[in-house]
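Report on the structure given below.
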Amino acid sequence: MSHCEGTDLTGRGRTELIESTRKQTVDMATSGRLYSAAAERNRGPILDVLRPRLSEFVRKRGKAANVLEVAAGSGQHAAFLASRLGRDSVVQAWHPTDLRVETKSVCAWVDEEEAREIVRVPRELNASDDEWPSNWRSEEITHIFVANLCHISPWAATLGLLKGAGALIPPGGSLFVYGPFMVDQAHTASSNAAFDESLRARNESWGIRDIGAISVEAGKNGLILTEKVQMPANNFTLVLEKPE
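For the sequence shown, my numbering begins at 16 and goes up steadily by one.
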(Lines of atoms letter the chains of each structure in order from A and count residues from 1; the text may use other names and numbers.)
(Lines give C-alpha, C1' and ligand atoms only; values in the text may rest on other atoms or scores of the structure.)
Protein backbone atom coordinates (compact mmCIF):
# COMPACT_ATOMS: atom_id res chain seq x y z
CA MET A 1 0.00 0.00 0.00
CA SER A 2 1.59 3.27 -1.11
CA HIS A 3 -1.02 5.75 0.11
CA CYS A 4 -2.92 6.34 3.36
CA GLU A 5 -6.17 4.42 2.88
CA GLY A 6 -8.38 5.31 5.78
CA THR A 7 -7.82 5.38 9.54
CA ASP A 8 -7.93 1.71 10.52
CA LEU A 9 -4.16 1.38 10.82
CA THR A 10 -2.18 1.35 14.04
CA GLY A 11 1.08 2.99 15.07
CA ARG A 12 3.29 3.43 18.09
CA GLY A 13 3.43 6.72 20.02
CA ARG A 14 6.33 9.08 19.50
CA THR A 15 7.74 9.42 23.00
CA GLU A 16 10.08 12.28 22.13
CA LEU A 17 7.29 14.88 21.96
CA ILE A 18 7.21 17.38 24.84
CA GLU A 19 4.29 19.51 25.94
CA SER A 20 5.89 22.92 25.53
CA THR A 21 6.46 22.58 21.80
CA ARG A 22 4.08 19.98 20.42
CA LYS A 23 1.24 19.81 22.95
CA GLN A 24 -1.21 17.22 21.81
CA THR A 25 -4.67 16.16 22.84
CA VAL A 26 -6.27 13.01 21.58
CA ASP A 27 -9.85 12.12 20.69
CA MET A 28 -9.13 8.67 19.35
CA ALA A 29 -12.75 7.57 19.78
CA THR A 30 -14.10 10.03 17.23
CA SER A 31 -11.30 10.89 14.81
CA GLY A 32 -8.02 9.13 15.54
CA ARG A 33 -6.24 12.45 15.13
CA LEU A 34 -3.51 13.64 17.47
CA TYR A 35 -3.56 17.43 17.69
CA SER A 36 -0.58 19.77 17.91
CA ALA A 37 -1.40 23.41 18.67
CA ALA A 38 2.07 24.43 17.45
CA ALA A 39 1.53 22.73 14.09
CA GLU A 40 -1.83 24.45 13.77
CA ARG A 41 -0.19 27.85 14.29
CA ASN A 42 2.89 27.43 12.12
CA ARG A 43 1.54 25.45 9.17
CA GLY A 44 0.40 28.55 7.25
CA PRO A 45 3.73 30.41 7.54
CA ILE A 46 5.60 27.23 6.62
CA LEU A 47 3.43 26.84 3.52
CA ASP A 48 4.30 30.42 2.56
CA VAL A 49 7.99 29.46 2.64
CA LEU A 50 7.71 26.16 0.79
CA ARG A 51 5.28 27.15 -1.95
CA PRO A 52 7.42 29.67 -3.90
CA ARG A 53 10.63 27.69 -3.50
CA LEU A 54 9.11 24.42 -4.65
CA SER A 55 7.32 26.24 -7.47
CA GLU A 56 10.67 27.57 -8.67
CA PHE A 57 12.10 24.04 -8.59
CA VAL A 58 9.19 22.83 -10.73
CA ARG A 59 9.65 25.73 -13.15
CA LYS A 60 13.31 24.81 -13.65
CA ARG A 61 12.89 21.02 -13.71
CA GLY A 62 9.52 20.66 -15.38
CA LYS A 63 8.34 18.09 -12.84
CA ALA A 64 6.77 18.22 -9.40
CA ALA A 65 8.76 17.76 -6.20
CA ASN A 66 8.91 14.54 -4.18
CA VAL A 67 9.10 15.47 -0.48
CA LEU A 68 10.29 13.41 2.47
CA GLU A 69 9.15 14.69 5.87
CA VAL A 70 11.25 13.71 8.90
CA ALA A 71 9.63 13.73 12.37
CA ALA A 72 6.09 14.03 11.01
CA GLY A 73 4.45 13.55 14.41
CA SER A 74 0.66 13.90 14.31
CA GLY A 75 0.59 14.26 10.54
CA GLN A 76 -0.90 17.77 10.55
CA HIS A 77 1.93 19.27 8.52
CA ALA A 78 1.95 16.39 6.05
CA ALA A 79 -1.78 16.58 5.35
CA PHE A 80 -2.06 20.38 5.27
CA LEU A 81 1.06 21.08 3.21
CA ALA A 82 0.67 18.16 0.81
CA SER A 83 -2.98 18.92 0.06
CA ARG A 84 -2.26 22.51 -0.90
CA LEU A 85 1.05 21.96 -2.67
CA GLY A 86 -0.49 19.02 -4.50
CA ARG A 87 -3.36 21.20 -5.74
CA ASP A 88 -0.73 23.69 -6.92
CA SER A 89 0.91 20.83 -8.88
CA VAL A 90 4.27 21.50 -7.24
CA VAL A 91 4.37 18.30 -5.15
CA GLN A 92 3.67 14.86 -6.59
CA ALA A 93 4.25 12.85 -3.40
CA TRP A 94 4.75 13.56 0.31
CA HIS A 95 6.37 10.86 2.47
CA PRO A 96 5.80 11.29 6.25
CA THR A 97 8.21 9.52 8.58
CA ASP A 98 9.05 9.44 12.26
CA LEU A 99 11.13 7.57 14.78
CA ARG A 100 7.91 5.84 15.84
CA VAL A 101 5.13 6.61 13.42
CA GLU A 102 1.61 7.65 14.43
CA THR A 103 0.04 5.98 11.41
CA LYS A 104 -3.56 6.22 12.57
CA SER A 105 -3.27 9.94 13.29
CA VAL A 106 -1.39 10.74 10.08
CA CYS A 107 -3.94 8.93 7.92
CA ALA A 108 -6.83 10.54 9.77
CA TRP A 109 -5.41 14.00 9.06
CA VAL A 110 -4.82 12.98 5.44
CA ASP A 111 -8.49 12.03 5.18
CA GLU A 112 -9.50 15.34 6.78
CA GLU A 113 -7.48 17.30 4.19
CA GLU A 114 -8.44 15.01 1.30
CA ALA A 115 -4.78 14.39 0.53
CA ARG A 116 -4.73 10.62 -0.03
CA GLU A 117 -3.46 10.91 -3.59
CA ILE A 118 -0.37 12.85 -2.45
CA VAL A 119 0.56 11.52 1.01
CA ARG A 120 2.19 8.10 1.14
CA VAL A 121 1.79 5.67 4.01
CA PRO A 122 3.99 6.70 6.99
CA ARG A 123 7.26 4.88 7.56
CA GLU A 124 9.75 4.73 10.39
CA LEU A 125 12.97 6.71 10.05
CA ASN A 126 15.72 7.26 12.61
CA ALA A 127 17.73 10.31 11.53
CA SER A 128 20.63 9.21 13.75
CA ASP A 129 21.03 6.01 11.72
CA ASP A 130 23.79 6.48 9.13
CA GLU A 131 22.12 3.99 6.79
CA TRP A 132 18.68 5.62 6.54
CA PRO A 133 19.18 7.23 3.09
CA SER A 134 19.72 3.82 1.50
CA ASN A 135 16.06 2.97 2.22
CA TRP A 136 14.85 5.93 0.18
CA ARG A 137 16.94 6.01 -2.99
CA SER A 138 14.27 4.28 -5.05
CA GLU A 139 11.72 6.98 -4.14
CA GLU A 140 13.65 9.71 -6.00
CA ILE A 141 13.26 12.23 -3.18
CA THR A 142 13.93 15.82 -4.29
CA HIS A 143 13.35 17.71 -1.02
CA ILE A 144 13.29 17.06 2.71
CA PHE A 145 11.19 18.92 5.28
CA VAL A 146 11.50 18.73 9.07
CA ALA A 147 9.89 20.78 11.83
CA ASN A 148 10.88 20.92 15.50
CA LEU A 149 13.37 18.08 15.50
CA CYS A 150 16.77 19.65 16.11
CA HIS A 151 16.12 21.01 19.60
CA ILE A 152 14.11 18.00 20.87
CA SER A 153 16.68 15.36 20.01
CA PRO A 154 20.39 14.72 20.51
CA TRP A 155 22.82 16.61 18.25
CA ALA A 156 23.48 13.27 16.57
CA ALA A 157 20.00 13.41 15.05
CA THR A 158 20.74 16.76 13.40
CA LEU A 159 24.08 15.46 12.15
CA GLY A 160 22.35 12.39 10.73
CA LEU A 161 19.68 14.53 9.12
CA LEU A 162 22.29 16.68 7.36
CA LYS A 163 24.39 13.70 6.31
CA GLY A 164 21.37 11.86 4.99
CA ALA A 165 20.01 14.89 3.15
CA GLY A 166 23.37 15.48 1.52
CA ALA A 167 23.45 11.89 0.32
CA LEU A 168 19.82 11.67 -0.78
CA ILE A 169 18.60 14.87 -2.39
CA PRO A 170 19.74 15.67 -5.93
CA PRO A 171 21.46 18.84 -7.17
CA GLY A 172 18.87 21.60 -7.14
CA GLY A 173 16.96 20.03 -4.23
CA SER A 174 16.67 21.47 -0.73
CA LEU A 175 16.38 20.60 2.92
CA PHE A 176 13.91 22.81 4.84
CA VAL A 177 14.43 22.90 8.62
CA TYR A 178 11.89 24.71 10.80
CA GLY A 179 12.30 25.53 14.50
CA PRO A 180 13.97 27.82 17.03
CA PHE A 181 17.67 28.48 16.52
CA MET A 182 20.45 30.60 17.98
CA VAL A 183 22.26 33.16 15.82
CA ASP A 184 26.00 33.60 16.48
CA GLN A 185 25.63 31.57 19.67
CA ALA A 186 23.00 33.96 21.04
CA HIS A 187 19.29 33.42 21.55
CA THR A 188 17.01 35.64 19.51
CA ALA A 189 14.58 36.20 22.41
CA SER A 190 14.53 35.80 26.19
CA SER A 191 11.70 33.30 25.83
CA ASN A 192 13.93 31.12 23.65
CA ALA A 193 16.68 31.26 26.28
CA ALA A 194 14.21 30.10 28.93
CA PHE A 195 12.91 27.39 26.62
CA ASP A 196 16.45 26.19 25.94
CA GLU A 197 17.12 25.96 29.67
CA SER A 198 13.95 23.92 30.20
CA LEU A 199 14.90 21.57 27.35
CA ARG A 200 18.35 20.89 28.79
CA ALA A 201 16.83 20.32 32.23
CA ARG A 202 14.61 17.62 30.72
CA ASN A 203 17.39 16.01 28.70
CA GLU A 204 20.98 17.23 28.66
CA SER A 205 21.38 16.12 25.03
CA TRP A 206 18.55 18.41 23.86
CA GLY A 207 18.72 22.15 23.26
CA ILE A 208 18.34 24.95 20.75
CA ARG A 209 21.06 24.69 18.09
CA ASP A 210 23.12 27.44 16.52
CA ILE A 211 22.55 28.24 12.85
CA GLY A 212 26.29 28.64 12.30
CA ALA A 213 27.01 25.14 13.60
CA ILE A 214 24.30 23.69 11.36
CA SER A 215 25.70 25.57 8.36
CA VAL A 216 29.19 24.19 8.99
CA GLU A 217 27.96 20.61 9.26
CA ALA A 218 25.72 21.05 6.22
CA GLY A 219 28.74 22.18 4.20
CA LYS A 220 30.56 18.97 5.10
CA ASN A 221 27.72 17.10 3.41
CA GLY A 222 27.47 19.13 0.22
CA LEU A 223 24.67 21.45 1.36
CA ILE A 224 24.73 25.24 1.41
CA LEU A 225 22.68 27.40 3.77
CA THR A 226 21.12 29.81 1.29
CA GLU A 227 18.36 31.33 3.43
CA LYS A 228 17.37 31.71 7.06
CA VAL A 229 13.77 32.85 6.88
CA GLN A 230 12.43 34.52 10.02
CA MET A 231 9.15 32.99 11.17
CA PRO A 232 6.55 33.88 13.82
CA ALA A 233 7.21 33.15 17.51
CA ASN A 234 11.01 33.54 17.23
CA ASN A 235 11.50 30.64 14.84
CA PHE A 236 13.31 30.22 11.53
CA THR A 237 13.05 28.10 8.44
CA LEU A 238 16.53 27.22 7.22
CA VAL A 239 16.87 26.50 3.50
CA LEU A 240 19.85 24.27 2.72
CA GLU A 241 20.39 23.62 -0.97
CA LYS A 242 22.33 21.01 -2.90
CA PRO A 243 24.24 23.04 -5.54
CA GLU A 244 23.66 22.17 -9.18
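All C-beta atoms, glycine included, are put in the ideal place defined by N, C-alpha and C.
Limits of the alpha helix (DSSP H) - the one that Met212 falls within: Note on identity: in this sequence residue 212 is Glu, with Met being the wrong assignment. That run of the alpha helix (DSSP H) goes Ser205 to Arg217.
message: Could you tell me the alpha carbon to alpha carbon distance between Arg217 and Ile167, rounded to whole angstroms?
response: 10 Å
Residue closest to Glu139, alpha-carbon to alpha-carbon, out of Asp126, Thr157, Leu114 and Ala209: Leu114
message: Under 8 Å: do the region 137-155 and the region 193-202 share three or more Cβ pairs, one atom per stretch?
response: no
message: Taking only three categories from DSSP, how would you classify Arg68?
response: helix
- prompt: Using the C-alpha atoms, what's the distance from His18 back to Thr252?
  reply: 28 Å
query: With 16 other CB atoms within 10 Å as the buried threshold, where does Ile239 fall?
result: exposed
Distance, Ala142 Cα to Pro67 Cα: 27 Å
query: If we count the other Cβ atoms within 10 Å of its Cβ and call it buried at 16 or more, is Val134 buried or exposed?
result: buried
task: Check the C-beta distance from Gly262 over to Ser149 and give it rounded, since I have them as a contact under 8 Å.
output: Because the chain here runs from 16 to 259, residue 262 falls outside it and cannot be looked at.
task: Use the C-beta contact count for Pro111: other C-beta atoms within 10 angstroms, 16 or more gives buried, fewer gives exposed.
output: buried
message: My assumption, with CB atoms under 8 Å, is that Val125 sits in contact with Gly90. Please give the rounded CB distance.
response: 7 Å
query: Can you name, in chain order, every residue of its own chain whose Cβ lies under 6 Å from the Cβ of Ala180, other than the five neighbours on each side?
result: Ile159 and Leu190
Arg56, buried or exposed, once every other Cβ within 10 Å from all chains shown has been counted against 16: exposed
message: Between Glu219, Trp147, Arg215 and Met197, which has its C-alpha nearest Asn249's C-alpha?
response: Met197
- request: Taking all protein chains shown into account, decide if Val121 is buried (16 or more other Cβ within 10 angstroms of its Cβ) or exposed.
  value: buried
field: Distance, Val192 Cα to Glu259 Cα
entry: 20 Å
query: In whole angstroms, what separates the C-alpha of Val105 from that of Asn207?
result: 34 Å
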